[in-house]
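Residue 669 is where the sequence shown starts when you use the numbering used here, and the numbers rise one by one after that. All C-beta atoms in this analysis are idealised placements derived from N, C-alpha and C, irrespective of residue type, glycine included. So the structure is just underneath, and the comments pick up after that.
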Amino acid sequence: MPVTDGHRIIEIGCVELLGRRLTGRHFHVYLNPDREIDEGAIAVHGITNEYVADKPRFKDVADEFYEFIKGAQLIIHNAAFDVGFINNEFALLGQSERADVSDYCSVLDTLMMARERHPGQRNSLDALCKRYGVDNSNRELHGALLDSEILADVYLAMTGGQTHLSLAGEGADSDGSGRQQATPIRRLDAARPRTRVIRASEDELAAHLARLAAIEKSAGGPSLWAQLEKAPE
């Protein structure tokens, strides 16, 4: 569905991530494209001509959308497709200073990232959800806001595995909105009992050395552990 064939944006959905956490701030709007929506597209996203008939045009939300994304890193799955449509909409308004997203945003394409990490495998958003254990059970149709929320979870899983660090439960560290708050530093009593140190037994040391030998044989060279032990202080 190339933008050069006159196709237009009918839905925009963005969620904001700061410090690898969803802030709850988002941008979402349905748009009237001033043209008929193809039947094939309706089968994908479920948005009909009747539904968008009374919705705003892109020109009505252009400034608000621009302010939302300006200066951000846009994380998009198959970014070339989305960016092409965004650039086209601004170009149609004669806003040449906004007609190239790369002038005011950086763009990270999670499809390209996934292809590099999982060559030869399926890397659709649904496939990545399955691979990284992200719940997409509510994704019956393709919707911009839902997809952006799912992609945020996929991106966090792809780039870190652990999406946040919290050493306390949802009680002390939470402000009630799901956002974690800084926990005050708690100093330990200097007179507390010393922590007991349990050293490896002779049998455990022997098992460790045997394991290192097996690793070195498999790798065809010395293990990193052995190299560090021999390194001069």
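Under 8 Å: do the segment 748-756 and the segment 705-723 share three or more Cβ pairs, one atom per stretch?
no
Is E679 closer than 8 Å to F726 when the C-beta atoms are compared?
Residue mapping note: residue 726 aligns to position 58 of the sequence shown, counting from 1. Residue mapping note: residue 679 aligns to position 11 of the sequence shown, counting from 1. Not in contact: F726 and E679 (Cβ atoms no closer than 8 Å).
For the beta strand (DSSP E) containing Q741, name the first residue and the last one.
In the sequence shown, counting from the first residue as 1, residue 741 sits at position 73. First-last of the beta strand (DSSP E) with Q741: Q741 to I744.
On a Cα-Cα basis, can you pick out the residue from H745, F695 and V712 that is closest to D731?
One-based indexing of the sequence shown puts residue 731 at position 63. Nearest of H745, F695 and V712 to D731, Cα basis: F695.
Identify whether E684 lies in helix, strand or coil by the three-state DSSP scheme.
Here residue 684 refers to the residue found at position 16 when the sequence shown is read from its first residue. Strand at E684.
Would you report the Cα separation of S842 and S869, rounded to the nearest angstrom?
Numbered from 1 along the sequence shown, position 174 holds the residue referred to as residue 842. Numbered from 1 along the sequence shown, position 201 holds the residue referred to as residue 869. Any reading at S842 must be qualified, since the residue scores a pLDDT of 48, below 50, and its modelled position is unreliable; no value is offered.
Beta-carbon proximity check, F753 vs I677, cutoff 8 Å:
As a position in the sequence shown, residue 753 is number 85, starting the count at 1. As a position in the sequence shown, residue 677 is number 9, starting the count at 1. Yes. Within cutoff.
Sorted by chain position, which residues of the same chain lie with C-beta nearer than 7 Å to Y904's C-beta, five sequence neighbours on each side aside?
The requested residue 904 does not occur in the structure, where the chain is confined to residues 669 to 901.
On the three-pair Cβ rule with 8 Å, is the segment 794-803 touching the segment 813-828?
yes
Tell me the DSSP secondary structure of Y823 in three-state form.
In the sequence shown, counting from the first residue as 1, residue 823 sits at position 155. If DSSP states are grouped into helix, strand and coil, Y823 belongs with the helices.
7 Å Cβ shell around N614 - same chain, five flanking residues per side excluded
The question about residue 614 has no answer, for the chain in this structure spans 669 to 901.
Reference A878; option with closest CA among R867, I866, V865 and A894:
Counted from its first residue, the sequence shown places residue 878 at position 210. The residue with the shortest Cα to Cα distance from A878 is A894.
Quick check on this structure: which residue in R785, P861, G681 and Q789 has the alpha carbon closest to the alpha carbon of A825?
As a first step, residue 825 must be located in the sequence shown, where it is residue number 157. When only C-alpha atoms are compared, the closest one is R785.
Given this structure, state the Cα-to-Cα distance separating R688 from Q741, to the nearest angstrom.
To locate residue 688, count along the sequence shown from 1; it is residue 20. To locate residue 741, count along the sequence shown from 1; it is residue 73. About 12 Å.
Tell me whether the beta-carbon of G788 lies closer than 8 Å to the beta-carbon of H713.
Against the sequence shown, residue 788 aligns to sequence position 120. Against the sequence shown, residue 713 aligns to sequence position 45. For G788 and H713, no; Cβs fall outside 8 Å.
Give the straight-line distance between the Cα atoms of L814 and L686, rounded to the nearest whole angstrom.
The sequence position of residue 814 within the sequence shown is 146, counting from 1. The sequence position of residue 686 within the sequence shown is 18, counting from 1. Each residue's alpha carbon lies about 18 Å from the other.
From the DSSP secondary-structure annotation, give me the bridge partner or partners of Y719.
Locating residue 719 in the sequence shown gives position 51, where the first residue counts as 1. According to DSSP, which records beta bridges pairwise, Y719 is partnered with nothing at all.
Alpha carbon to alpha carbon, how far is R847 from A782?
Position 179 of the sequence shown, counted from the start, is the residue given in the question as residue 847. Position 114 of the sequence shown, counted from the start, is the residue given in the question as residue 782. For R847, the predicted structure reports a pLDDT of 47, less than 50, and the residue's modelled location is therefore unreliable. A value from the coordinates is still provided. Approximately 28 Å, taken between the alpha carbons.
I need the straight-line Cα distance from Y772 to P670, nearest angstrom please.
Taking the sequence shown and counting its residues from 1, one reaches residue 772 at position 104. Taking the sequence shown and counting its residues from 1, one reaches residue 670 at position 2. Their backbone Cα atoms lie some 24 Å apart in a straight line.
According to DSSP, simplified to helix, strand and coil, what is Y800?
Counting from one through the sequence shown, the residue named residue 800 turns up at place 132. Here Y800 sits in helix by DSSP.
In whole angstroms, what is the alpha-carbon distance linking G739 and S774?
The residue labelled residue 739 in the question sits at position 71 within the sequence shown. The residue labelled residue 774 in the question sits at position 106 within the sequence shown. Taking the straight line from one Cα to the other gives about 8 Å.
By DSSP's criteria, D857 is part of a beta bridge. Which residues make up the other side?
Here residue 857 refers to the residue found at position 189 when the sequence shown is read from its first residue. In the DSSP output, where bridge partners are listed per residue, D857 has none listed.
Taking only the alpha-carbon atoms, compute the straight-line gap between G762 and N755 and give it to the nearest angstrom.
Within the sequence shown, numbered from 1, the residue matching residue 762 stands at position 94. Within the sequence shown, numbered from 1, the residue matching residue 755 stands at position 87. Rounded to whole angstroms, G762 to N755 spans 11 Å at the Cα level.
Going straight from the alpha carbon of L892 to that of L880, what length do you get?
Reading the sequence shown from its first residue, position 224 is the one you call residue 892. Reading the sequence shown from its first residue, position 212 is the one you call residue 880. Answer to the nearest angstrom: the Cα atoms are 9 Å apart.
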